[in-house]
Amino acid sequence: MRPEEFFPIKILKEKGFIRGKCQKCGRYFWNQSHEAKTCGDPACSGGFRFIGDSPAKKKLDYTEVWKAFSTIHKKLGYTPIKRYPVVARWNPTVDFTIADIAAFQPYVVSGEIAPPANPLVIPQFCLRFGDIDNVGITGHHVGFVMMGEKEFVPPAQYNVERYMNDHLTWLQEGMGLPLKELTVHEDVWAGGGNLGPCMEFFSRGLEISNQVYMQYEITPEGHLHELKLKVLDMGQGMERVPWFTQGKASIYETSFPPIIKKLRELTGVQYDEKFMSKFTPLAPYLNTGEVTDIPAAWKHVAKELKMTVKELQDKVLPLAALYSVAEHTRALLVAINDGGLPSNVGGMYNLRVILRRALSFIDKYGWKLELPEICAWHADYLEPIFPELQENLQNIQEILNVEKKKYEATKQKTASMIPRLLEKNLSTDDLITLYDSQGISPELLKDEAAKQGKDIIVPGDFYGLVAAKHEKKEQEAATEKKVNLPIPLSIPPTHALYYDDYTKASFDATVLEIVDNNVILDKTCFYPTSGGQLTDHGTLNGTKITEVYKQGPYIVHVCSEKPKFHAGDKVHGEIDFTRRLQLAQHHTATHMVNAAARIVLGPHVNQAGAKKDVDKAHIDITHYESLTDEQLEKIELEANKIVTKGVKTELTFLPRADAEKKYGMAIYQGGAVPGKELRIVNIPGVDVEA
3 MRPEEFFPIK
13 ILKEKGFIRG
23 KCQKCGRYFW
33 NQSHEAKTCG
43 DPACSGGFRF
53 IGDSPAKKKL
63 DYTEVWKAFS
73 TIHKKLGYTP
83 IKRYPVVARW
93 NPTVDFTIAD
103 IAAFQPYVVS
113 GEIAPPANPL
123 VIPQFCLRFG
133 DIDNVGITGH
143 HVGFVMMGEK
153 EFVPPAQYNV
163 ERYMNDHLTW
173 LQEGMGLPLK
183 ELTVHEDVWA
193 GGGNLGPCME
203 FFSRGLEISN
213 QVYMQYEITP
223 EGHLHELKLK
233 VLDMGQGMER
243 VPWFTQGKAS
253 IYETSFPPII
263 KKLRELTGVQ
273 YDEKFMSKFT
283 PLAPYLNTGE
293 VTDIPAAWKH
303 VAKELKMTVK
313 ELQDKVLPLA
323 ALYSVAEHTR
333 ALLVAINDGG
343 LPSNVGGMYN
353 LRVILRRALS
363 FIDKYGWKLE
373 LPEICAWHAD
383 YLEPIFPELQ
393 ENLQNIQEIL
403 NVEKKKYEAT
413 KQKTASMIPR
423 LLEKNLSTDD
433 LITLYDSQGI
443 SPELLKDEAA
453 KQGKDIIVPG
463 DFYGLVAAKH
473 EKKEQEAATE
483 KKVNLPIPLS
493 IPPTHALYYD
503 DYTKASFDAT
513 VLEIVDNNVI
523 LDKTCFYPTS
533 GGQLTDHGTL
543 NGTKITEVYK
553 QGPYIVHVCS
563 EKPKFHAGDK
573 VHGEIDFTRR
583 LQLAQHHTAT
593 HMVNAAARIV
603 LGPHVNQAGA
613 KKDVDKAHID
623 ITHYESLTDE
633 QLEKIELEAN
643 KIVTKGVKTE
653 LTFLPRADAE
663 KKYGMAIYQG
673 GAVPGKELRI
683 VNIPGVDVEA
């Protein structure tokens, strides 16, 4: 293998690093020691060795990390930008921003649009629900900040040696980490259809960061094609920086220290740094995502610590529960602030899962804790990094209070069901169904069963299984229908005439391609099914058009029969304008109702779905409880106020980056919208959407 073809080894050699091969796992690595026989992975190098003895010369508080990171990178030529919302409405494939690179997917990474700055650094808050059961024990988080170094450039400008040097500068100057304490692994990263070599940075058994050189596209056949645009994708979990530099035993102690201090004062839960320094290196044995027999894992860890399982769990579990309450509440604060709302459907159900998990811990231990109050503590502590979290606190707290009432009502409703449920053997699928449909926690069933001398097996990754069930799968963007017509790449994109003048009801065009009954023109007045608005009807040279949809940049017209015209012919199109006008008015009306609902109910309201037909239109909105008649009346009054003002709607085209900068990510109320340019529908002072 020739590492110089894939990795930035020139700068490593200049810094005195030499290449070695781990005698345990076989991985290639770089460090400054000629005697090193193993890589930096904790399994090979002897676990975490920074606890109580960090090699870092800086001792950073959590809120100081981003300031130091952004200051150093600004000097290196990177532009610090604000985080993107954690609710990823611009991305058609996910509910939440799961990594810092997800803020720029799919359109920046694909090269379709320019990034907001280049190169840039970002403090991106992310949400991942796969490790819910590990929170509080193994160091995992549901909500965390990923600090990113990003650059999106053509191959000729791509410079992995500079990227490596920049990151080493941060590690040395920002964290005060001597290079002799660093081990760098050669590796490969793949995800989202892309692949690239990467280098992982370890010190004393802890992976500190990961720098990916995203250079390839993976074809459906498994081949690698070089990307037209190459990407620097360095990600570093911000929570790891204060943990490592302070050398504390628990990452949760350094992620939100004032919140943990208050929670311990209110609950009396003790923290033993000496004990935790012995437990934390063994905690990975309890990772529910990697261990199938969790009871056996507890026995192993207890044996290593020369304790009984009961002694170990009595020491660890109350503290883990307290950490989970703090961690889940912070995740909820950011998600709800950014437009997420706990619910029973889709990815938002996972917000309800972590909310109820936090409440169940409070119940179990009889703690006098209130999630809205904990939210306020987090917002205060995070204000230097995320001042926007202060803006919607009152609304967030109201949502959490309503959710708590629902949780209490569910507990009362299910109490009478439990005896009957315990009469049968409950499988994991049964437990998940009961939690999903009735809100009955497996812990409650297990405790009640134990009173009867029965044992219910609850999988260690139960909440991870629930979360996986509600993960949003890849789906099409709001303006596209999943069709795969064989359209030649030589065909130019369709010019949408309805954007220029929606009153235009007839047009002449040239036929570019015909596939069966599907016709593609060089230009068209036909509006495709989009944003919940149904397609235009009409004719092409007298042939009836029954449906119109988008496939990529092409507008496809579906004829009622095989068309009599051919590719290259000129055709005349006629739109049923009476239908068009009614659909357009209904579309604008839903915008107004949505805006009125936000005025009456609060900024958490978002469009969850809409349909505009000829005879009627409806809009689904997100709200945390059923609407009262009084609220409905107020929404109607507000909407009619907008109508009577006679506000002139502004229709403009803006580059995506400009539109997002001017109006914010709320423009994606109706879902993700592809394209370099966005058509912005602005009802001034009322509503703006893409």
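Using my numbering, the letters of the sequence shown map in sequence onto residues 3 to 692. Just so it is clear, CB atoms sit at the ideal spot from N, CA and C, and this is done for glycine as well.
Contact check, residue i vs residue j, beta carbons under 8 Å
{"i": "Asp168", "j": "Glu151", "result": "yes"}
{"i": "Ile685", "j": "Thr646", "result": "no"}
{"i": "Val595", "j": "Ile637", "result": "yes"}
{"i": "Ser492", "j": "Ile577", "result": "no"}
{"i": "Gly193", "j": "Gln217", "result": "no"}
{"i": "Glu627", "j": "Val602", "result": "no"}
{"i": "Val162", "j": "Tyr80", "result": "no"}
{"i": "Leu231", "j": "Pro156", "result": "yes"}
{"i": "Val327", "j": "Ile364", "result": "yes"}
{"i": "Ala469", "j": "Asn289", "result": "no"}
{"i": "Gly368", "j": "Thr412", "result": "no"}
{"i": "Asn543", "j": "Phe567", "result": "yes"}
{"i": "His178", "j": "Ala58", "result": "Note that residue 178 corresponds to Gly in the displayed sequence, not to His. Yes."}
{"i": "Leu656", "j": "Glu635", "result": "no"}
From the options, residue whose alpha carbon lies closest to that of residue i
{"i": "Val318", "options": "Tyr287, Leu334 and Phe277", "result": "Phe277"}
{"i": "Gln587", "options": "Asn596, Thr310, Ile577 and Asp615", "result": "Asp615"}
{"i": "Gly575", "options": "Phe50, Ala511 and Gly604", "result": "Ala511"}
{"i": "Asp538", "options": "Asp518, Phe567 and Lys506", "result": "Lys506"}
{"i": "Tyr501", "options": "Val336, Pro461 and Ala692", "result": "Ala692"}
{"i": "Arg85", "options": "Ile13, His75 and Ala101", "result": "Ala101"}
{"i": "Gly195", "options": "Thr430, Arg164, Ile13 and Glu228", "result": "Glu228"}
{"i": "Met240", "options": "Leu173, Ile220 and Arg359", "result": "Leu173"}
{"i": "Asn335", "options": "Glu175, Ala70, Gln25 and Cys128", "result": "As written in the sequence, residue 335 is Leu, which differs from the Asn given in the question. Among Glu175, Ala70, Gln25 and Cys128, the Cα nearest to that of Leu335 is on Cys128."}
{"i": "Gly49", "options": "Pro657, Phe204 and Phe31", "result": "Phe204"}
{"i": "Thr247", "options": "Phe388, Ile210, Glu223 and Val683", "result": "Ile210"}
{"i": "Leu694", "options": "Cys527, Glu515 and Phe154", "result": "In the structure displayed, the chain extends from 3 to 692; residue 694 sits before or after that span and is not available."}
{"i": "Gly604", "options": "Leu536, Asn394 and Lys643", "result": "Asn394"}
{"i": "Asp63", "options": "Ser257, Tyr351, Pro344 and Phe131", "result": "Ser257"}
{"i": "Met667", "options": "Glu37, Phe106, Lys366 and Glu267", "result": "Phe106"}
{"i": "Thr496", "options": "His330, Pro461, Val550 and Tyr465", "result": "Val550"}
{"i": "Ala599", "options": "Arg581, Thr630 and Leu583", "result": "Thr630"}
Collapsed DSSP secondary structure at residue i in the structure displayed
{"i": "Phe9", "result": "coil"}
{"i": "His142", "result": "coil"}
{"i": "Ala45", "result": "helix"}
{"i": "Lys263", "result": "helix"}
{"i": "Leu391", "result": "helix"}
{"i": "Tyr383", "result": "helix"}
{"i": "Leu129", "result": "strand"}
{"i": "Asn212", "result": "strand"}
{"i": "Tyr30", "result": "strand"}
{"i": "Gly258", "result": "For the sequence presented, residue 258 should be read as Phe rather than Gly. Reduced to three states, the DSSP call for Phe258 is coil."}
{"i": "Gly348", "result": "helix"}
{"i": "Ile685", "result": "strand"}
{"i": "Asp457", "result": "coil"}
{"i": "Asn397", "result": "helix"}
{"i": "Gly466", "result": "helix"}
{"i": "Gly178", "result": "coil"}
{"i": "Pro320", "result": "helix"}
Distance between beta carbons of residue j and residue i, contact taken as under 8 Å
{"i": "Met236", "j": "Gln272", "result": "With a Cβ gap of about 38 Å, Met236 and Gln272 do not count as contacting."}
{"i": "Asp55", "j": "Gly249", "result": "6 Å"}
{"i": "Tyr556", "j": "Ile489", "result": "6 Å"}
{"i": "Gly176", "j": "Phe52", "result": "About 16 Å separates the two Cβ atoms, so there is no contact after all."}
{"i": "Phe31", "j": "Gly18", "result": "With a Cβ gap of about 14 Å, Phe31 and Gly18 do not count as contacting."}
Exposed unless 16 or more other CB atoms sit within 10 angstroms - verdict on residue i
{"i": "Phe281", "result": "buried"}
{"i": "Ile103", "result": "buried"}
{"i": "Val517", "result": "exposed"}
{"i": "Asp524", "result": "exposed"}
{"i": "Arg206", "result": "buried"}
{"i": "Ala1", "result": "Only positions 3 to 692 of the chain appear in the structure, and residue 1 is not among them; the question remains open."}
{"i": "Ile459", "result": "exposed"}
{"i": "Thr545", "result": "buried"}
{"i": "Asn346", "result": "exposed"}
{"i": "Ala569", "result": "exposed"}
{"i": "Cys27", "result": "exposed"}
{"i": "Asn520", "result": "buried"}
{"i": "Pro386", "result": "exposed"}
Closer than 7 Å: residue i CB and nearest the ligand FMN heavy atom
{"i": "Thr526", "result": "For the structure depicted, the ligand FMN is absent and the ligand set is empty, with no information on it obtainable."}
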